[in-house]
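Mapping the sequence shown onto numbering that gives the first Met the number 0, position 82 (from 1) lands on 81, and the numbers just tick up by one.
Here a beta-carbon is modelled for each residue, glycine too, at the ideal position from N, C-alpha and C.
Contents: one structure, followed by commentary.
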Amino acid sequence: MQAVTIEKLSKIYPGGKKAVENLSLSLQKGEVFGFLGPNGAGKTTTIKMLTGTLMPSGGACTVLGLNPASEPEKVHAVCGVVTEHAQMYDNLTGLQNLFFYGEAFGMPKDEYEKRARKLLEELELSEAAQRKLSAYSTGMRQRLSLARALMHRPGILFLDEPTSGLDPESAQNVNRMIQSLARDEGITVFLCTHQLRYAEGICSRFGLLEHGRLIADGTLEALGRQVFSGLTVCVRGTNISGGMSQPEKRDAVCGFTYRKTGPDQFEFSIGQEEEIPKLVRALVDGGGNIYQVAVKTKSLEEIYFALTEKGREVSA
Ligand SMILES: Nc1ncnc2c1ncn2[C@@H]1O[C@H](COP(=O)(O)OP(=O)(O)OP(=O)(O)O)[C@@H](O)[C@H]1O
Ligand SMILES: [Mg+2]
């Protein structure tokens with residue numbers, strides 16, 4: 000069973016705004032999916048439809064086999080949600096907030112008490128456990144919101160910008176936690192974020208939304224191939240250039256275009272990965288001493304800008 004299926008999902012808000020249009024997508028169990036896109040792209044709207052807080056205008060979706068539109072309570076029981084505006088109680092302490100949700104989820108008292116303390120510890124909130132939420136900073140609130148979402152051991156987590164207000168150390172801690180939830184507990188994660196560097200590190204697959212439409216989805220490598228043709232191979236070594244002393248000129252022996260990028264550093268442009276052994280063999284046969292060979296990968300940020308409209312405008 001897929002963790003999430005989305006088929007031709009659409010949302011038109013009262014007033015006529017088409018926030019999501021014909022969105023089709025699916026997520027495997029245990030996958031950490033990065034849902035990316037500019038402000039107003041429709042990411043939060045999609046999460047709201049998947050978690051049963053907003054009715055779709057068209058199409059259908061399922062979450063762990065359940066239909067959020069017709070059985071929202073069942074969906075709430077299996078999913079954890081962290082949104083920008085988490086519903087928690089300012090006049091209760093951090094611990095009391097978690098106890099409240101544990102009870103609301105029908106967990107036995109001893110279990111929710113143990114779980115709440117463990118989550119507070121994992122999210123480095125133990126010291127603030129007895130403090131009222133009104134005295135929490137934004138980042139502390141956000142971490143408590145994640146703890147709350149995890150109280151009932153959900154099978155799937157929907158995270159809408161979970162690290163936006165966090166300092167780098169807390170963000171790293173939360174990201175590590177997200178990764179280990181997926182890896183060790185098999186939890187599926189649907190993550191909306193603008194923090195592309197973090198997303199690159201923790202997501203196994205990405206979807207890119209723009210004006211409510213999915214413009215691309217796939218692994219980092221697959222997305223990279225959509226916008227950048229060929230591969231760049233960085234080679235460090237001596238006597239590499241041999242007969243190819245003129246930068247930007249084609250090497251007569253190997254037939255690979257190259258660029259000298261530093262002392263003993265070269266960048267070769269090749270069509271596909273399969274050509275790497277051929278390149279290395281040719282360089283060695285030509286008398287080169289190779290110390291390092293690495294494929295230069297494109298970052299998620301570079302790929303994102305190449306795929307999205309703004310990026311295309313800038314580069315045009
Ligand atoms: N309740 C609403 N009524 C009318 N229009 C709305 C409503 N909520 C969102 N929208 C509009 O729908 C579009 C998508 O909004 P949404 O919040 O889903 O975007 P987003 O991708 O989450 O953006 P952000 O990155 O800023 O969080 C926007 O144009 C927004 O103005
Ligand atoms: Mg949003």
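#### Entry: LEU97 beta carbon less than 8 Å from that of MET139
no
### Query
How many angstroms separate the CA atom of LEU282 from the CA atom of THR256?
Going from the Cα of LEU282 to the Cα of THR256 covers about 13 Å.
### Query
So what does SER179 bridge to, in DSSP terms?
Paired residues: none, contrary to the question.
### Task
Just tell me which of PRO37, SER298, LEU22 has its CA closest to the CA of LEU219.
Looking at the Cα atoms, SER298 is the closest of the given residues.
### Message
Taking the alpha-carbon of ASP216 as reference, which of LEU207, ARG224, GLY39 has the nearest alpha-carbon?
### Response
Closest option to ASP216, Cα to Cα, is LEU207.
### Query
Taking Cβ positions only, does GLN27 come closer than 8 Å to chain C?
Going by chain labels, chain C is absent from the structure shown, which holds only one protein chain.
#### Entry: Runs of alpha helix (DSSP H) wholly within the region 139-206 (minimum 4 residues, chain order)
Listed in chain order, the complete alpha helix (DSSP H) runs (minimum 4 residues) inside the region 139-206 are 167-184, 195-201.
### Query
With respect to 7 Å, is the separation between the Cβ of TYR374 and the closest non-hydrogen atom of ligand 1 below this value?
Since the first residue of the chain shown is 0 and the last is 315, residue 374 is not available in this structure.
### Beta-bridge pairing of PHE34 - partner residues as DSSP gives them
CYS191, GLY206
### Message
Looking only at its chain, what residues have a beta carbon closer than 8 Å to the beta carbon of GLN86, apart from the 5 residues adjacent to it on each side?
### Response
none
### Task
Give the secondary structure of PHE98 by DSSP, where H, G and I count as helix, E and B as strand, and everything else as coil.
DSSP places PHE98 in helix when its eight states are reduced to three.
### Sufficient close CB pairs (3 or more, under 8 Å) joining the region 7-26 to the region 172-184
no
### Query
For the 8 Å Cβ check, are there 3 or more pairs between the region 198-206 and the region 229-236?
no
### Query
First and last residue of the beta strand (DSSP E) that includes ASP216?
212-217
### Query
Looking at the unbroken beta strand (DSSP E) that takes in ALA85, where does it start and where does it end?
Run containing ALA85: none; DSSP gives neither H nor E here.
### Query
Can you tell which of HIS84, GLU83, ASN66 has its C-alpha closest to the C-alpha of VAL77?
ASN66
### Query
Do SER23 and VAL3 have their C-beta atoms within less than 8 Å of each other?
no
### Task
Report yes if the C-beta of THR231 is less than 7 Å from at least one heavy atom of ligand 1; otherwise report no.
no
### Task
Take the Cβ of THR137 as the centre, count every other Cβ of all protein chains shown within 10 Å, and call the residue buried at 16 or more, exposed below.
exposed
### Query
If you draw a straight line from the C-alpha of VAL74 to the C-alpha of MET54, how long is it?
14 Å
### Task
Give me the Cα-Cα distance between SER133 and ARG224, rounded to the nearest whole angstrom.
Whole-angstrom Cα-Cα distance: 48 Å.
### Task
Compute the beta-carbon to beta-carbon distance between GLY79 and PRO161, rounded to the nearest angstrom, for a pair I have assumed lies under 8 Å.
Not really, about 11 Å apart at Cβ, beyond 8 Å.
### Message
If you measure from each CB to the nearest heavy atom of ligand 1 and keep those under 6 Å, what residues do you get, in chain order?
### Response
TYR12, GLY14, LYS16, ALA18, GLY36, ASN38, GLY39, ALA40, GLY41, LYS42, THR43, THR44
### Query
Does any heavy atom of ligand 2 sit closer than 7 Å to the C-beta of CYS60?
no
### Message
Can you tell me whether CYS191 sits near ligand 2, meaning its C-beta is under 7 Å from at least one heavy atom of the ligand?
### Response
yes
### Query
So, helix, strand or coil for GLY223, using DSSP?
Of the three classes helix, strand and coil, the one that applies to GLY223 here is helix, per DSSP.
### Query
Sorted by chain position, which residues of the same chain lie with C-beta nearer than 6 Å to VAL234's C-beta, five sequence neighbours on each side aside?
Correct list, in chain order: PHE265, VAL292.
### Task
Classify PHE267 as helix, strand or coil using the three-state DSSP reduction.
strand
### Task
State yes or no: is the C-beta of ARG130 within less than 8 Å of the C-beta of TYR100?
no
### Task
Since I believe GLN178 is in contact with VAL31 (beta carbons under 8 Å), could you give me their beta-carbon distance rounded to a whole number of angstroms?
The pair is a contact, with the Cβ atoms about 7 Å apart (cut-off 8 Å).
### Query
Thinking just about the alpha-carbon of each residue, which of CYS60, ARG116, TYR135 is nearest to the one in TYR88?
When only C-alpha atoms are compared, the closest one is TYR135.
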